[in-house]
Amino acid sequence: NNQIKDGDPRESGTINYWRWKDQYLVRYLTFPPGEDYEAQDEASRDPAILLVHGFAASAEQWERLVYSLREQRKESNGGKDTTPPIYAVDLLGFGHSEKPGLSYTQYLWESQLVDFVVE
Numbered sequence: 071n072n073q074i075k076d077g078d079p080r081e082s083g084t085i086n087y088w089r090w091k092d093q094y095l096v097r098y099l100t101f102p103p104g105e106d107y108e109a110q111d112e113a114s115r116d117p118a119i120l121l122v123h124g125f126a127a128s129a130e131q132w133e134r135l136v137y138s139l140r141e142q143r144k145e146s147n148g149g150k151d152t153t154p155p156i157y158a159v160d161l162l163g164f165g166h167s168e169k170p171g172l173s174y175t176q177y178l179w180e181s182q183l184v185d186f187v188v189e
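For the working numbering, count along the sequence shown from 1 and bump the result up by 70.
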């Protein structure tokens with residue numbers, strides 16, 4: 071799902087939603103593994119990648135990076151796309167995630183990310 075936006079090539083992710091703690095709606099993007107990822111020996115596959123934006127941003131900021139990562143993988147693997155699955159999450163209070171009246175601290179976001187990865 072590649073496109074050119076503002077002159078830069080990028081890969082659009084698929085929009086998904088997750089209900090954190092059965093309460094807060096969190097949006098995240100998924101970028102599928104490369105077409106050659108599953109063909110690799112399971113022990114040699116790279117783990118999934120989780121991308122987390124900074125303040126006042128959203129998961130879309132990673133679209134150019136994902137495109138670049140995939141292209142670099144192909145170049146370094148003889149044209150094979152072995153890119154692992156990639157997830158880009160909007161932190162609670164940012165992007166398109168819910169913005170509840172909570173105290174936004176590193177501990178809140180750490181908990182959110184740990185739970186996201188575990189689920």
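Beta carbons are placed, not taken as given, at the ideal position from N, Cα and C, and that holds for glycine.
These figures come from a predicted structure and were not determined experimentally.
Residue environment for T84: exposed (fewer than 16 other C-beta atoms within 10 angstroms of its C-beta). DSSP, reduced to helix, strand and coil, places R89 within a strand of the structure shown.
When DSSP states are grouped into helix, strand and coil, Y94 belongs to the strand group. Residues of the same chain with a CB within less than 6 Å of the CB of S167, apart from the 5 flanking positions on each side, are V96, R97 and D160 in chain order. Contact between A158 and A129 is confirmed by a C-beta separation of about 4 Å, below the 8 Å threshold. Secondary structure of D185 (DSSP, three-state): helix.
P170 is not a Cβ neighbour of Y107, given a cutoff of 9 Å. The beta-carbon distance between D78 and R134, rounded to whole angstroms, is 5 Å. This is short enough to meet the 8 Å contact definition. If the five residues before and after A126 are omitted, its C-beta is found closer than 8 Å to the C-beta atoms of F164, all from its own chain and listed in chain order. For E145, the enclosing alpha helix (DSSP H) begins and ends at E133 to S146. Using a 10 angstroms sphere on the CB of Y87, the tally of other CB atoms stays under 16, which defines it as exposed.
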